[in-house]
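full-length UniProt numbering numbers the first residue of the sequence shown as 1 and each following residue consecutively.
Ideal placement from N, C-alpha and C gives every residue a C-beta, glycine not left out.
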Amino acid sequence: MSALSTSPGTPGSPLQAAFAERLIAWQRQHGRHDLPWQNTRDPYRIWLSEIMLQQTQVSTVIPYYAKFLARFPDVGALAAAPIDDVMALWAGLGYYSRARNLHRCAQAVVEQHGGAFPASADELAELPGIGRSTAAAIASFAFGARATILDGNVKRVLARVFGIEGFPGEKRVENAMWVLAETLLPTEATDADVSAYTQGLMDLGATLCVRGKPECARCPFAGDCVAHATGRQRELPGARPKKAVPTRRTWMLVLRDGASVLLERRPPSGIWGGLWSLPEAADEAALATRARQWGATAEPERLAPLTHTFTHFKLDIEPRVVEFGGGAVAACDARDEETAWVPLGEIEAYGVPAPVRKLLDALKGSLL
């Protein structure tokens, strides 16, 4: 299987030569121009949006982006903030390593670059949480740099238009895409042209060349697109090789005193790293033991189970609740900075994973 087909979209073709000019013209007329992070050269705002948009839809990101800017208006404010504040605002957005790297990156910009983001894609890529494509996007939008992006939307556009075979996550295929993407960059262009080109790639993949039902009739490359010409829009790009999705199981303990519950901070790495969650155990007996260690005398009672799906596995959660009562919070106070008794009405102040938040919201509703 060759990485590139021998089609009209083969490198060196007329399509390749006209690609940038045609895309820029399309973006200026039909692309997105009113997203909250557009119409600015502020690298902080651009960086924040690019990190949030990784594997996340625009509609989901917009409210989080607004909350972050209100709480952390510049990179210095973010760098100086406690990590708990950052994780609390990020809760629900998923892929929590992004939030930890966001905080580390802000601190690195302040400590290593005097609070100013470096202008080159190479220097940006050395910062925590910024990969090659994200660095190029920031450099292009903030500084007008001629740099190549290759996110999921762009991979889909290139695979379809130029007939690139194979799964884009495979290294050989991805390398072929990088080579092609480099050759497609506008050679003689203003800073505004470069930004329009970069935005156009994103817009085309997000609005027309979508995963499910692409709107080929409105695409500026419909007449040259390999996938459109051969009816292979559903086949390109190639699908991820199927693997069985494993299921894991965990037991969660809801230690409750009235309207307060006990939360534990999770380790800094791994699933939900650095977030606040409920105490966990590997089975029913171990969970009962943990409850007794906290002074509980009653046996944990069952709550409705729930399942949360991650990228690579499913997690079955078996929640159990133990009610202390009688002012147990004061008698059985949190033992260190890694545990806290939290009123259910104040959960939003803590970074809590989405399924745990769902569980606690249901518990709160049952107490009203």
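Across the set Leu315, Ala119, Thr230, the C-alpha of Ala119 shows the shortest separation from the C-alpha of Ala145. Here Thr307 is bridged, per DSSP, to Asp316. Residue environment: Arg218 is assigned as exposed (fewer than 16 neighbouring CB atoms within 10 Å of its CB, all protein chains considered).
In this structure, the CA atom of Arg240 is about 16 Å from the CA atom of Asp151.
A distance of 8 Å or more separates the beta carbons of Ala66 and Pro43. Contact check for Leu275 and Pro353: beta-carbon distance about 6 Å, within the 8 Å limit, so the pair qualifies. Straight through space, the alpha carbons of Leu184 and Ala80 are spaced by roughly 40 Å. Using a Cβ distance threshold of 8 Å, Asn101 and Pro73 do not count as a contacting pair. Under the 10 Å beta carbon count, Ala17 is surrounded by fewer than 16 other beta carbons and is classified as exposed.
Residue burial annotation: Ala70 is exposed, with fewer than 16 other C-beta atoms found within 10 angstroms of its C-beta.
Counting only unbroken stretches of 4 or more residues, the alpha helix (DSSP H) elements lying wholly within the region 218-293 are 226-230, 284-293, in sequence order. Between the region 244-262 and the region 274-292, the count of Cβ pairs shorter than 8 Å is three or higher; the stretches touch.
Counted as a single uninterrupted DSSP element, the alpha helix (DSSP H) harbouring Ala99 occupies residues 97-113.
A straight line joining the alpha-carbon of Ile347 with that of Arg357 spans about 8 Å.
Sequence-distant Cβ neighbours of Arg290 in its own chain, meaning closer than 8 Å and more than five residues away, are Leu253, Pro279, Ala281. Under the DSSP assignment, Val342 falls in the beta strand (DSSP E) whose first and last residues are 339-343.
Scanning the UniProt domain "HhH-GPD" (52-207) for uninterrupted alpha helix (DSSP H) segments of 4 residues or longer gives 58-71, 75-80, 83-90, 97-113, 121-124, 132-143, 152-162, 171-184, 191-203, listed from N- to C-terminal end. Taking C-alpha positions only, Ala20 is separated from Trp341 by approximately 57 Å.
Distance from the CA atom of Pro168 to the CA atom of Gly238, rounded to whole angstroms, is 7 Å.
The C-alpha of Arg132 lies about 26 Å from the C-alpha of Ala25. At the C-beta level, Gly31 and Asp203 come within 8 Å of one another.
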